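Position one of the sequence shown corresponds to residue 10 (this note's numbering), numbered consecutively onward.
Each residue gets a CB set at the ideal place from its N, CA and C atoms; glycine is no exception.
Keep in mind the model is a prediction, meaning the values are calculated, not measured.
All remarks here apply to the structure that follows.
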Amino acid sequence: MAPTTSRVLRLLSLLQDRSSTGRELAERLGVTERTLRHDIQRLRELGYPVHAARGAVGGYRLGQGTKMPPLLLDDDEAVAVALAVGLAEDGSTGIADIDTSLTRALAKLQQILPKRLQRKVAALRSATAVGPATVGSREPDAPVSADTLTVVAGAIRDGATLLATCADTETEVEPYRLISWRRRWFLVAYDLGAHAWRALPVADLTRVRSGSRRFAARSLPEDDLVAFVLREVAQTGWKVHARVTVLAPAETVIARINPAVGVVEAVDSHTSILVTGADALETIAIYLSMLMMDFRVDGPPELVAHIRTLARRYTEALD
Numbered sequence: 010m011a012p013t014t015s016r017v018l019r020l021l022s023l024l025q026d027r028s029s030t031g032r033e034l035a036e037r038l039g040v041t042e043r044t045l046r047h048d049i050q051r052l053r054e055l056g057y058p059v060h061a062a063r064g065a066v067g068g069y070r071l072g073q074g075t076k077m078p079p080l081l082l083d084d085d086e087a088v089a090v091a092l093a094v095g096l097a098e099d100g101s102t103g104i105a106d107i108d109t110s111l112t113r114a115l116a117k118l119q120q121i122l123p124k125r126l127q128r129k130v131a132a133l134r135s136a137t138a139v140g141p142a143t144v145g146s147r148e149p150d151a152p153v154s155a156d157t158l159t160v161v162a163g164a165i166r167d168g169a170t171l172l173a174t175c176a177d178t179e180t181e182v183e184p185y186r187l188i189s190w191r192r193r194w195f196l197v198a199y200d201l202g203a204h205a206w207r208a209l210p211v212a213d214l215t216r217v218r219s220g221s222r223r224f225a226a227r228s229l230p231e232d233d234l235v236a237f238v239l240r241e242v243a244q245t246g247w248k249v250h251a252r253v254t255v256l257a258p259a260e261t262v263i264a265r266i267n268p269a270v271g272v273v274e275a276v277d278s279h280t281s282i283l284v285t286g287a288d289a290l291e292t293i294a295i296y297l298s299m300l301m302m303d304f305r306v307d308g309p310p311e312l313v314a315h316i317r318t319l320a321r322r323y324t325e326a327l328d
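Laid out in C-alpha cells, this is it:
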C-alpha cells in the first residue's frame, strides 16, 4: 500500500479524470473500500468536494469547490500543456491582457516539471517558430504526433541529421527549424540528397529517426525562416497552385495580402504577378475576391473555369 499522502494525491488525480465507482478506485489504488472511504473523507476535509452517488451508475466524482485543486498530470499531459501554453505565448492570441498570464503559467509549469520533461519541452520550444495568423477560409488540419515532433526537435537541438521517410522514400536531411502555421507543421531542412533547402510538411513524413551524424550549421537560406516557409508553401506546398496577373503595383498588392497568401513579383509600375496556392480551388477564389483589385487568372485552367462559374452565378443573382 502506498503511503497515505501519495495515495490521496493519486486518488485526487483519478477523480480529476472521470467519475469512478468505489470498487474501481479501490482496485486502482490497491486498498480496501474502507480505506478508500477514509481517503475520500481526507480530501473533503482539505476542501475538495467529492460527491458520491448510489446505484448502478453511481460512484465518486470531483465537484466544483471554492479553490482549485492541484492539477496532476502524467508526463505526456504535462509536455502537451507546456508546449500549448508556450505556442500561445509565442503567437498572437488576440486576447487583451493575456500574455502576462501565459508567461506566469508557463514559468510555473517549467519550475515543477522533472528535468527529463524540461529537456523535452525546451527542445520543442527552442526548435519552433510560429507563423502569422490568417483570416478567411482555413485549410484542413494536418495533425502531427507528439513523438514525431519530439524526435525532430531533439535532432535540431543536438545538431544531428534526420532520416525522414516520405512516400516510401527515405531522405537524410539537416534539420534547422520547426514552423507551426495554421495548425500545420513544417520543417526547414537542408536535403543532403537534393543539395537544396526545403520546407517539409511534417504530416507527410511517415517516419522520422535521428541519424548518426552531427553537422556544422550552414548559412540559412534567409534570416526569416517563417517567411521562407510561407513562400515555399505558396509555390509548391499546396495541392492547387495558381498564377495571377494583378493590375496593380507590387507594393500595393503586398500591402493588401497576408504574406501567407502568396508571393508577389513586380512586372512594371502598374502590374504584378501573384503566385499563390491552397488545397482547393474554392479557397484561391476567395483569396482573389478579397484582393479588391482587378486581376487576370493565368492558370490553372480549372481555376479559370471555376471563376467563370462564380461570375455567372453572381450575375444571375442580380437579375
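If I measure Cβ to Cβ from Leu20 and keep anything under 8 Å in the same chain, skipping five residues before and after, which residues do I get? Leu34, Leu38, Leu45, Asp48, Ile49 and Leu52
Excluding five sequence neighbours on each side, which residues of the same chain lie with their C-beta closer than 8 Å to the C-beta of Arg16?
Met10, Leu38, Val40 and Asp48
Backbone CA spacing between Arg32 and Glu42 [nearest angstrom]:
7 Å
* Asked: With distances taken between CB atoms, is the gap from Ala9 to Ser135 smaller than 9 Å?
  -> Coverage of the chain is limited to positions 10 through 328, which leaves residue 9 absent and any answer about it impossible.
* Closest residue to Pro184 among Arg192, Arg240, Ile293 and Thr159 (Cα-Cα distance) -> Thr159
- Task: Leaving out five residues on either side along the sequence, give the residues of the same chain with a beta carbon under 7 Å from the beta carbon of Arg166.
- Result: Ala132, Ser135 and Ala136
Requested in this report: For the alpha helix (DSSP H) containing Arg16, list its first residue and its last residue.
Outcome: Thr13 to Asp26
- prompt: Taking Ile293 as the reference, which of Leu24, Ser278, Arg240 and Glu311 has the closest Cα?
  reply: Glu311
Discussion item. Here's the rule I'm using: 16 or more other beta-carbon atoms within 10 Å means buried, otherwise exposed. How should Gly271 be labelled?
Written reply: With 16 or more other Cβ atoms within 10 Å, it is buried.
Straight-line Cα distance separating Asp83 from Gln18
Note on identity: in this sequence residue 18 is Leu, with Gln being the wrong assignment. Rounded to the nearest angstrom, the gap between the Cα atoms of Leu18 and Asp83 is 13 Å.
#### Entry: Contact the segment 276 to 291 vs the segment 245 to 257: 3+ CB pairs below 8 Å
Judged by Cβ distances under 8 Å, the segment 276 to 291 makes contact with the segment 245 to 257, as three or more pairs qualify.
What do you reckon, are the CB atoms on Ala259 and Ala236 nearer than 9 Å? Their beta carbons are not under 9 Å apart, which means Ala259 does not touch Ala236 by this criterion.
Practice item. Quick one: residues in its chain with C-beta nearer than 6 Å to the C-beta of Val255, no 5 flanking neighbours on either side, listed in chain order? Key: Val262, Ser281, Leu283, Met302 and Phe304
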